[in-house]
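Residue numbers (my numbering), protein chains in the order written: chain A, 1 to 396; chain B, 397 to 713. Every residue, glycine too, gets a C-beta built ideally from N, C-alpha and C. Small disclaimer: the values here were computed from a predicted structure and weren't measured.
This is the structure:
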């Protein structure tokens, strides 16, 4: 435990953080390069203008496109925070999609029926969205804490469970049969624009982005400035050590998953109450925002502020991808790019090796031996967990 | 009785791909590599082979074309699983993250390529593979209509793969070594087994079977491939866990899950089920909930490979 506060590992940590940062940047570059390569293979003459569109639309397209970046970034920041927070506390929340879905449903159903809340209606809706996400997220937490079941498998199962249940509930409670989607929420349930619609005229951005940024700040404070956050991180580093130090580690795991789920649920609420004309489609497909949260968290190095920028980056290339359709390329190229980025982020060891050899230093050998975010590594693999703990402890 | 035969035939369409893909996942996980990439592998295998069907439908048709397509599916599945193997074995990456990347990459790539080639993301093919009735066997009363009428050769392929998997895993030197690498790679290495090679082998086998499973799932249910296998890869993962990472229990799990899928799909056409008044959604979520319950109650003595998900590092022996 002392390692968290000692001075020496902290310095050690800033070095590894820089390396992680550089390897994240390199993952982005590798993803973009591969995207360019695919474009070149498809249609060489149009590839460069199309690629330029992906990268620079928000700059060249004026304030409307910048507003769109913020709009698309909003749910990604929430799910990214969700996955990132879980990473920080030693859990892999691959179930962000399910929590997001339930949050969306809770927001929609309260948005349709609970108009009697008047002026605070939208706040109540968002609170219910977060609560639904938290409850759904705490299921894998409970199973992990009390039955020692791996949270990855349970969250995957719960993703599909929530998809089927929410589709059923929407049809039963708030259904627009004509369009096969959820009914429109009441006017009072829509999140106020806070003047952003005037700042970014013509775009769909609203108050959601402000709430997402506030959530990022709140998570930063919780993790870095409170005893509670410290305890949760300690449980993540070593469940047994935390227990030995007198922390209720079972409660820690459940609460970590609940907070993580609340963030995803909040994201679901923000999307469907944004007033951008988006309704919940009743189709049997997992919502992508949840899965993209994993990319955002990885790219943002699980740090709340990093996640903020990573979310903006993915929003940025999403907007670019839409506009690139002018050049008769399919916008899915953006998904190709972002999945490549995750793949390279998973292989960050490779980039770390390159950076190491460029620096010529072998000092950080121990820290480099383990890949960046490997929260699933069980604590009984002593050497790996130890060096990982050192690295994380320093980087925190 | 007609309804019953129909249900059994339908059930085979749902069960066999689950069986094949879960067996694939078994090889990978028994070698110590967690494979959540099954969904992506299935999509990629189905995509490449449906593309093959679409391109070749003017020259060849029937069972020969299907067999060639199965080879294409196997090869493409193996190819994409190499990505996972490289990240998991050589890069010692987090295997869940690498698998997730493949799950996102495969549909994106499939939609992108389909839209470039056809302008739309659906790829059509002509289904000339259905066997109305297997000679002789199809005439057996009771069993004939259940298994040998209105069927596909892929159904029998599934059971052949099951038999081979069982023999390979339990009766060959290769199988023993593979299992050793998943349980205790350090010990395996100390007696001269190349852990990296075995893990590559396990992952590639899962790619081959995953790719085949993708095509096997698509062929009976639709003639329009839409860059999706409807979550079957994840369902196969559930089958694998439910079946305790062992071939024969995996068969029972696949049958159970296939039955649930059939009930939810054919629900509205069967008066008996309609009268029960159980909402359709119940059949849809039972497989997932059942997996959760089983996991919760067996976690104390789980049969999961012990070294699963832990990158093997020679230097850490």
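| message | To the nearest angstrom, how far is the alpha carbon of residue 302/A from that of residue 87/A? | response | When rounded, the separation of the alpha-carbon atoms in residue 302/A and residue 87/A is 7 Å.
| request: Taking residue 461/B as part of the alpha helix (DSSP H), name the residues at either end of that continuous run. | output: Under the DSSP assignment, residue 461/B falls in the alpha helix (DSSP H) whose first and last residues are 458-481.
| said: Taking the straight line between their C-alpha atoms, what separation do you get for residue 307/A and residue 120/A? | reply: Computed Cα separation, rounded: 29 Å.
| request: Tell me, please, whether the CB atom of residue 240/A is closer than 7 Å to any CB atom in chain B? | output: No, residue 240/A lies away from the interface with chain B (no Cβ there is under 7 Å from its Cβ).
| task | Excluding the 5 residues preceding and the 5 following residue 58/A in the sequence, name in chain order all residues of the same chain whose CB lies nearer than 8 Å to its CB. | result | Cβ within range, chain order: 65, 66, 68, 69, 316, 319 and 320.
| query | Is there a Cβ from chain B that is less than 7 Å from the Cβ of residue 346/A? | reply | Closer than 7 Å to some Cβ of chain B, the Cβ of residue 346/A qualifies, so yes.
| task | Can you grab the Cα-Cα spacing for the pair residue 50/A / residue 327/A, in whole Å? | result | Going by the C-alpha atoms only, they are around 6 Å apart.
| Taking the C-alpha atoms as reference points, what is the distance between residue 528/B and residue 676/B? | Going by the C-alpha atoms only, they are around 30 Å apart.
| said: Beta-carbon within less than 6 Å of residue 96/A's beta-carbon, same chain only, minus the 5 sequence neighbours each way: which residues are those? | reply: Excluding positions up to five away in sequence, the list reads 79, 82, 83, 264, 290 and 293.
| task | For the beta strand (DSSP E) containing residue 527/B, list its first residue and its last residue. | result | Per DSSP, residue 527/B is one residue of the beta strand (DSSP E) stretching across 527-529.
| task | Write down every uninterrupted run of the beta strand (DSSP E) in the segment 267-354 of chain A whose length is 3 residues or greater and which is fully enclosed by it, in chain order. | result | List check, beta strand (DSSP E) in window: nothing returned.
| said: Contact criterion: CB-CB distance below 7 Å. Does residue 87/A meet it with respect to chain B? | reply: Not one chain B Cβ lies under 7 Å of residue 87/A.
| task | Give a yes or no on whether the C-beta atoms belonging to residue 397/A and residue 204/A are separated by under 7 Å. | result | An answer regarding residue 397/A cannot be provided, because it is not within the stretch 1 to 396 covered by chain A.
| query | If you draw a straight line from the alpha carbon of residue 348/A to that of residue 493/B, how long is it in whole angstroms? | reply | So the alpha carbons of these two residues sit roughly 11 Å apart.
| Rounded to a whole number of angstroms, what is the C-alpha to C-alpha distance between residue 169/A and residue 681/B? | If you take the alpha carbons of residue 169/A and residue 681/B, they lie about 13 Å apart.
| So residue 496/B and residue 354/A are in contact, right, with Cβ under 8 Å, and what is the actual spacing, rounded? | That pair is no contact at about 24 Å.
| query | Do we get a CB-CB distance below 7 Å when we pair residue 34/A with the residues of chain B? | reply | It does not: the Cβ of residue 34/A has no partner Cβ on chain B nearer than 7 Å.
| Residues sharing a beta bridge with residue 182/A, DSSP | Residue 182/A is bridged to 175/A.
| task | Below 9 Å between beta carbons is the criterion; list the residues of the segment 301-334 of chain A that meet it against any residue of chain B, in chain order. | result | Residues 328, 329, 330, 331, 332, 333 and 334.
| said: Here's a check: name, in chain order, each residue in its chain whose Cβ is nearer than 7 Å to the Cβ of residue 42/A, leaving out the five neighbours to either side. | reply: So the qualifying residues of the chain are 329.
| field | Beta bridge counterpart(s) of residue 545/B as assigned by DSSP | value | According to DSSP, residue 545/B bridges with 529/B.
| said: Let me see if you follow: with CB-CB separation under 7 Å, is residue 160/A close to chain B or not? | reply: Cβ-Cβ to chain B under 7 Å: yes for residue 160/A.
| said: Less than 6 Å between C-beta atoms, sequence neighbours within five positions excluded: which residues of the same chain meet that for residue 571/B? | reply: For residue 571/B, where only same-chain residues beyond five positions count, the Cβ hits under 6 Å are 564 and 565.
| message | In the DSSP output, what is residue 519/B paired with across the bridge? | response | In DSSP, residue 519/B forms a bridge with 621/B.
| field | Extent of the continuous alpha helix (DSSP H) to which residue 213/A belongs | value | Here the alpha helix (DSSP H) through residue 213/A covers 208-225.
| task | Please name the residues in the segment 410-434 of chain B whose beta-carbon is closer than 9 Å to at least one beta-carbon of chain A, in chain order. | result | Result list: 430 and 432.
| task | Would you please verify whether the beta carbon of residue 627/B is less than 7 Å from any beta carbon of chain A? | result | Answer yes: the Cβ-Cβ gap between residue 627/B and chain A drops below 7 Å somewhere.
| query | Leaving out five residues before and five after residue 645/B in sequence, what residues of the same chain have Cβ atoms less than 6 Å from its Cβ? | reply | Counting only Cβ-Cβ distances below 6 Å, and skipping sequence neighbours, we find 639.
| Spatial neighbours of residue 709/B in its chain, beta-carbon cut-off 8 Å, leaving aside the 5 residues before and after | Excluding sequence positions up to five before and after residue 709/B, its CB lies within less than 8 Å of the CB of 488, all in the same chain and listed in chain order.
| message | Tell me the DSSP secondary structure of residue 708/B in three-state form. | response | Residue state for residue 708/B is assigned as coil, using DSSP reduced to three classes.
| task | Inspect the beta-carbon positions of residue 24/A and residue 344/A and report whether they are closer than 7 Å. | result | In this structure, residue 344/A does not lie closer than 7 Å to residue 24/A by Cβ.
| Which term fits residue 717/B, buried or exposed, when burial requires 16 or more other beta carbons within 10 angstroms of its beta carbon? | Summary: the structure shown does not reach residue 717/B, with chain B confined to residues 397 through 713, and so no result is reported for it.
| Classification of residue 664/B by the beta-carbon crowding that lies within 10 angstroms, buried from 16 upward | Counting Cβ neighbours within 10 Å, residue 664/B comes out exposed, since fewer than 16 surround it.
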